[in-house]
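Peer 1: My structure is below; once you've seen it, I'll send some questions.
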Amino acid sequence: MLFALGFQTEEELAPVATAANGFDLTYAYIIFAMLGIGLVVIAGLYAYRYILRNFTSVRGKTFSKIILQVTLPKFRHEEESQRGPQKEQVQEAIAAAETFFAALGGLKAEKGFHAWLHGRSDEFSLEIVVQKKLIKFFLVAPANLKEFAEQQISSAFPYAHVEEVEDYNIFHPKGTILGSYLAFKREYAFPIKTYKKLDKDPLNALTNVFSKLPEEDGAAFQFIVRSARPSWRDRGIQIASRMQQGMKMQEAIAGKKTDSKGFISEFATLSGIASKDEKAQEKKDHRLGPQEEEVVKGLEEKASKAGMDVCIRLIASSTNASSAQMLMQNMLNAFSQYNIYEYGNSFVKVVPGSVKKVIQKFIYRTFDHRNKLVLNAEEMASLWHLPLPWTETPNIQWLIARKGPVPSGVPDGPEKGDVQLGYNTYRGVKTEVWMKSPDRNRHMYIIGKSGSGKSETIARFALEDIKAGHGVAVVEPHGDLIERILQNIPRERIDDVIVFNPSDLERPMCLNMLEVKDESMKDMAVQEMIAIFYKLFPPEMIGPMFEHHMRNAMLTLMSDPENPGSIIEIPRMFSDTDFQNKWRSKITDPVVMSYWVNEVDKTSDFHKSEMLGYLISKVGRFVENEMMRNIIGQQRNSFDFREVMDKKKILLVNLSKGKTGDVNSELLGLIIVSKLQMAALGRADMPEEDRKDFYLYIDEFQNFITDSIATILSEARKYRLNLIIAHQYVGQLVKNNDTKIKDAVFGNVGTMFVARIGPEDVE
C-alpha cells in the first residue's frame, strides 16, 4: 500500500513517494528510466548498425574494393603440352592454391566496435565468371589489402598475371536472373571432399557448366572469404573428442550419450561423480570403427588448417526463364562432387527469399552472415583455384605470353639522354624500364605484325626525344604517325619543325640528290642514287651500261656546285645538244670529259637513241609526274640536312603512299635517308664531343634503305646518327634471295624490340 507523508515546514514540500516498507520509489523510477533509455539506445544502435551494414557501409566498402583479373599461360613449359596429367601433378598444382588460402586464413580477423558497427572490411571475393562465352577468374580485394593479395597470388602462382580491371556485367538487360546460396547439411565442423580425395581436378566440373553457354548468357560462382576467428576449431575438436570417448557421431554432435546406463550414468559422467578409474576404463575399452576413425580424422584434419568464413553465391543470367533455371541447376549439381554423404558434409541449396537482394549482394560483394560457412584452406583450394595446364574446359581466358621480371642491369630510372621504354608489372610490382643513351647509339630494331603497336612505340619514343630537345627525323609511309606527332609537339619546339609532305602541291619542297656541299661527297651521292635505282627496278633492267651512263651524266650535272642540275635533267643531257654543251663547259674532271668526247661523241645517232630510250624508261616516270617534277626538279634543297642534324631540328617526312604513290614514295624516302646518311658522315670535320645525338625513325624501313644500310648501322653511330627502324616481318628484308639487308640489320643493331610476330620470324 502506498501513502504520502506530509511534513510542514516554513515552505510546503512535495510529498515523497515511498513503498509500504519505507523504500524511496524515486530511485526505482530513475533506475527504470535509465534502463529504458539504455534499451532505446541499444535498439537505436542496432537499427543504426543495420542501416550502416545494409546501405551506407556496403556501398562504401564496394567502391573501395579493387577488382583484379588473374590469368595464366596455358602451358608454362613445353613438356606440359606434350604429356597428360598425372594425379600427383594435379594435386601438387592445386596445393599452390592451398598456400594462397592459408595466407588469407592467417590474417587476423577484424574485431572491436568499428567492426561490430560497420561490419568487417577484410573480406575477399574469389570469382569464376563467364561473360560473352569467355571464362575469367577474378580476385576482388579491399584497397588496403590489394598489395597483399597480389603478392600472395604471385607467390602461389609464379606465372600468373594480375591486372586491375573495371567491374564486369554478366546480366542480360531483358533476361531472367536467378540466384542461390550454398549451405552445409551438417555442422561446419564436418569436412567436405577435397582435391586430395578426388581423381581429377574438381575445377573442371565447375567450368564445364560454362563451356557451352551462348554469348548473351552470363553466370558466376562467387566465394566471399574472410579469415575465421580462432574459436572455429573448437567445435570440430569437441566432436572428435566425444567420439573418441565412446559417443556415436550423432551423440557427439548433440553432446549427450544415450546408452543402456541411462540418465544416471550420463549425469554421473557430466557432473564428475564417476570415478577417474571408471572414466579411464571406459575410454580404454572403447575402440573406434573404421568409419568413425575416418570421421574423427576428417574433423581433426579440418581443424588443423587455416579456417575462413565463406559465403558461396551462385548467379545465372539467361535470355529466358527455362534456360536460366537449367543453368542454375547445372551449377548446383557441379558441387555434388564435394559431398561426403554419410560421415561428412554435403552442400545443399538455399533458396533466397528475394532474388533482387541476392543480386544486389552479388554486385556489392556483401558477406551474408545468414549463409555463412566455415571452410579450411584445403577445402577452399578445391572450390576455387586458377586453371591448370591440363584443364579441359574450352573458352578459358589464358594469358597469351608469360610475364617476367626486368632483367638485372636494366636501368629503372632516367639519366640524361635516356628514354623510357615503358613499365614492367611482375608479381604486383610496377617498375619503370629505361633505355640508356649509349644503348640507343647502337640502334634499335622493332619488328611486329600490323597492329602490334610499332607506330605507337615510335610516336612515344620520338615525342620523348622531341621534349628532351634532341634532333629527330621521322620517315613513314602512311601519314598517321606524322599527324599524331604534329599534334603533340611542345610549344617551345614549334619553330624547329620541318614537315616534308609531297602531296602538298601548293607549297612543294625541293629535294635534289645532286646538290652537295662538299666535293668529297659527290661520288657518294652518285653511288647512292644508282643504288636507289637498283632498289626501285629489277637488277636485270639496270645493268652496268645504265650505271655507267647515269654516273657520268650525274657527275656532269654536279660540275657547278653553285647551280647544280637535277636528276630530271638527265634525259636532256642526251637529247638536247645545246644543253649538253652548256654543262660540258663546266666539267673539270678529265675522266668525265673523256666520257663525252671519246664515247658519246663517237656514238652513232641510232645508238644514242637507244641509250636515250633506256634512260628515259627509268627516269621518265618521275619527269612526267608534275608532283615529282616540282620536288626533284629544283636546284636547291629547301632545307640543309646537315643543319637539321647539327641544330637539332625536327624533320617529319609524310610519304603517304595513298597520296604520293608507291614508287614515288619510295624514291623520296630513299633520297631523304641517303641525304641524312651523307650529312652524318659529313660530321667527320667536327670534333666528336661537339656531335649532337640525332635520332632517325623509319617506319617500314625496308622501303627506304639500300644495301648501304650496313654502312649506316656500323659507321653512322660514330657520328651520333641513331637509327630506330621498324617493319612487320623478316621476309621483307629478303629480295630475290638476297639477304644483304637482313644480314646487315641482324649483324649490327644493338637492341631488338619484338612485338607479335609469326612462327617463321620466331625461329
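Counting from 5, one number per residue, gives the positions in the sequence shown under this note's numbering.
We put the CB at the ideal spot given by N, CA and C, even for glycine.
Give me, in chain order, the residues of the same chain whose beta-carbon lies closer than 7 Å to that of Asn-349; leave out the 5 immediate sequence neighbours on both sides.
Peer 2: Taking the first residue of the sequence shown as 1, we reach residue 349 at position 345. These residues qualify, in order along the chain: Phe-188, Lys-189, Arg-190, Phe-194, Pro-195, Ile-196.
Peer 1: Roughly how many angstroms separate the alpha carbons of Lys-651 and Gln-706, rounded to a whole number?
Peer 2: The residue given as residue 651 occupies position 647 in the sequence shown. The residue given as residue 706 occupies position 702 in the sequence shown. Rounded to whole angstroms, Lys-651 to Gln-706 spans 28 Å at the Cα level.
Peer 1: For Glu-492, which three-state DSSP category applies?
Peer 2: As a position in the sequence shown, residue 492 is number 488, starting the count at 1. Position check: residue 492 holds Asn in this sequence, whereas Glu was assumed. Residue state, collapsed to three classes: coil.
Peer 1: If you run the structure through DSSP and keep just helix, strand and coil, what is Ile-34?
Peer 2: Taking the first residue of the sequence shown as position 1, residue 34 is located at position 30. Reduced to three states, the DSSP call for Ile-34 is helix.
Peer 1: Determine the burial state of His-552: buried for a count of at least 16 other Cβ atoms within 10 Å of its Cβ, exposed for fewer.
Peer 2: Locating residue 552 in the sequence shown gives position 548, counting from the first residue. His-552 comes out exposed.
Peer 1: How would you write the range of the beta strand (DSSP E) that Ile-132 sits in, first residue to last?
Peer 2: Here residue 132 corresponds to residue number 128 of the sequence shown, with the count starting at 1. Residues 128-135.
Peer 1: Among residues of its own chain, excluding the 5 on either side of Ala-147, which ones have a beta-carbon nearer than 8 Å to its beta-carbon?
Peer 2: Counted from its first residue, the sequence shown places residue 147 at position 143. Cβ neighbours of Ala-147 within its own chain (closer than 8 Å, five residues either side excluded): Ser-68, Lys-69, Ile-70.
Peer 1: What is the C-beta distance between Tyr-430 and Pro-409, in whole angstroms, given that I count them as a contact (C-beta under 8 Å)?
Peer 2: Counting from 1 along the sequence shown, the entry for residue 430 is found at position 426. Counting from 1 along the sequence shown, the entry for residue 409 is found at position 405. At roughly 5 Å, the Cβ-Cβ gap stays under 8 Å, so Tyr-430 and Pro-409 are in contact.
Peer 1: Can you tell which of Ala-101, Asp-522, Asn-343 has the C-alpha that lies nearest to the C-alpha of Val-74?
Peer 2: Looking up residue 74 in the sequence shown gives position 70. Comparing Cα-Cα distances from Val-74 to each of Ala-101, Asp-522, Asn-343, the minimum goes to Ala-101.
Peer 1: Going by DSSP in three states, Pro-763 sits in which element: helix, strand or coil?
Peer 2: Residue 763 sits at position 759 when you count from the first residue of the sequence shown. Correct three-state label for Pro-763: helix.
Peer 1: Would you mind reading off the limits of the beta strand (DSSP E) that contains Lys-353?
Peer 2: Residue 353 sits at position 349 when you count from the first residue of the sequence shown. Note, Lys-353: beta strand (DSSP E), 351-354.
Peer 1: Only counting the same chain, and skipping five residues up and downstream in sequence, which positions put a Cβ closer than 6 Å to that of Met-756?
Peer 2: Position 752 of the sequence shown, counted from the first residue, corresponds to residue 756. Answer for Met-756: Tyr-449, listed in chain order.
Peer 1: Secondary structure at Ala-557, three-state DSSP: helix, strand or coil?
Peer 2: Walking along the sequence shown from the start, residue 557 turns up at place 553. Ala-557 falls in the helix class under three-state DSSP.
Peer 1: Return the CA-CA distance between Arg-406 and Ser-158, expressed in angstroms with no decimal places.
Peer 2: By one-based count along the sequence shown, residue 406 stands at place 402. By one-based count along the sequence shown, residue 158 stands at place 154. One C-alpha to the other measures close to 13 Å.
Peer 1: Between the C-alpha atoms of Ser-768 and Asn-752, what's the straight-line distance to the nearest angstrom?
Peer 2: Outside the shown range of the chain (5 to 767) lies residue 768, about which nothing can therefore be said.
Peer 1: Taking the alpha carbon of Glu-628 as the reference point, which residue from Tyr-599, Glu-573, Asp-593, Asp-313 has its own alpha carbon closest?
Peer 2: Sequence index remark: in the sequence shown, residue 628 carries index 624 (1-based). Selected option, being the one with the closest Cα: Glu-573.
Peer 1: Can you grab the Cα-Cα spacing for the pair Pro-548 / Met-554, in whole Å?
Peer 2: Here residue 548 refers to the residue found at position 544 when the sequence shown is read from its first residue. Here residue 554 refers to the residue found at position 550 when the sequence shown is read from its first residue. The straight-line gap from Cα to Cα measures roughly 10 Å.
Peer 1: Would you identify the three-state DSSP class for Leu-377, choosing helix, strand or coil?
Peer 2: Position 373 of the sequence shown, counting from 1, holds the residue named residue 377. Leu-377: strand per DSSP, three-state reduction.
Peer 1: Please classify Ser-321: does DSSP put it in a helix, a strand, or coil?
Peer 2: Here residue 321 is taken as the residue at index 317 of the sequence shown, counted from 1. Of the three classes helix, strand and coil, the one that applies to Ser-321 here is strand, per DSSP.
Peer 1: Just curious, the beta strand (DSSP E) that Pro-294 is in, first and last residue?
Peer 2: Residue 294 sits at position 290 when you count from the first residue of the sequence shown. Counting along the chain, Pro-294 falls outside any beta strand (DSSP E), though it belongs to the alpha helix (DSSP H) covering 294-307.
Peer 1: Answer yes or no: do Asn-726 and Ile-486 have a C-beta to C-beta separation smaller than 8 Å?
Peer 2: For this step, residue 726 is matched to residue 722 along the sequence shown. For this step, residue 486 is matched to residue 482 along the sequence shown. Not a contact, by the Cβ cut-off of 8 Å.
Peer 1: In angstroms with no decimal places, state the Cα-to-Cα distance between Asn-769 and Leu-616.
Peer 2: The requested residue 769 is not part of the displayed model; the chain covers only 5 to 767.
Peer 1: Taking buried to mean at least 16 other C-beta atoms within 10 Å of its own C-beta, is Ala-748 buried or exposed?
Peer 2: For the purposes of this step, residue 748 is taken as the residue at position 744 of the sequence shown. Classification of Ala-748: buried, given that the 10 Å Cβ count is 16 or more.
Peer 1: If I follow the unbroken alpha helix (DSSP H) through Phe-527, where does it start and stop?
Peer 2: By 1-based counting over the sequence shown, the position of residue 527 is 523. Rather than Phe, the amino acid found at residue 527 in this sequence is Asp. Here the alpha helix (DSSP H) through Asp-527 covers 526-540.
Peer 1: Would Gln-732 and Ser-454 be called neighbours here (beta carbons separated by less than 8 Å)?
Peer 2: Taking the sequence shown and counting its residues from 1, the one referred to as residue 732 is at position 728. Taking the sequence shown and counting its residues from 1, the one referred to as residue 454 is at position 450. Less than 8 Å divides the Cβ of Gln-732 from the Cβ of Ser-454.
Peer 1: In chain order, what are the residue ranges of uninterrupted beta strand (DSSP E) at least 3 long that sit wholly in the stretch 433-507?
Peer 2: Along the stretch 433-507, the beta strand (DSSP E) occurs as fully enclosed runs of 3 or more residues at 433-439, 448-451, 475-480, 501-504, listed in sequence order.
Peer 1: What residue range is occupied by the uninterrupted alpha helix (DSSP H) comprising Tyr-185?
Peer 2: Sequence index remark: in the sequence shown, residue 185 carries index 181 (1-based). Per DSSP, Tyr-185 belongs to no alpha helix (DSSP H); it is in the beta strand (DSSP E), 180-188.
Peer 1: My guess is that Gln-401 and Asn-516 are in contact by the Cβ rule of under 8 Å, so how many angstroms apart are they, rounded?
Peer 2: Position 397 of the sequence shown, counted from the start, is the residue given in the question as residue 401. Position 512 of the sequence shown, counted from the start, is the residue given in the question as residue 516. With a Cβ gap of about 56 Å, Gln-401 and Asn-516 do not count as contacting.
Peer 1: Determine, for Ile-228, whether the minimum Cβ-Cβ distance to residues of chain C falls below 8 Å.
Peer 2: Although the question refers to chain C, the structure presented lacks it and comprises just one protein chain.
Peer 1: Taking only runs that begin and end inside the stretch 606-631, name each unbroken alpha helix (DSSP H) of 4 or more residues, in chain order.
Peer 2: 609-627
Peer 1: In this structure, how does DSSP classify Gly-240 when only helix, strand and coil are distinguished?
Peer 2: In the sequence shown, the residue the question calls residue 240 occupies position 236. Three-state result, Gly-240: helix.
Peer 1: From Gln-93 to Leu-202, what does the alpha carbon distance come to, in whole angstroms?
Peer 2: Numbered from 1 along the sequence shown, position 89 holds the residue referred to as residue 93. Numbered from 1 along the sequence shown, position 198 holds the residue referred to as residue 202. Those two C-alpha atoms are separated by around 13 Å.
Peer 1: Below 8 Å between beta carbons: does that hold for Val-133 and Tyr-185?
Peer 2: Walking along the sequence shown from the start, residue 133 turns up at place 129. Walking along the sequence shown from the start, residue 185 turns up at place 181. No.
Peer 1: From the DSSP secondary-structure annotation, give me the bridge partner or partners of Cys-514.
Peer 2: Counting from one through the sequence shown, the residue named residue 514 turns up at place 510. The partner list for Cys-514 (beta bridge, DSSP) is empty, contrary to what the question assumes.
Peer 1: Cα-Cα, which of Glu-127, Leu-390, Ile-493, Val-623 is closest to Lys-471?
Peer 2: Numbered from 1 along the sequence shown, position 467 holds the residue referred to as residue 471. The shortest Cα separation from Lys-471 among Glu-127, Leu-390, Ile-493, Val-623 belongs to Ile-493.
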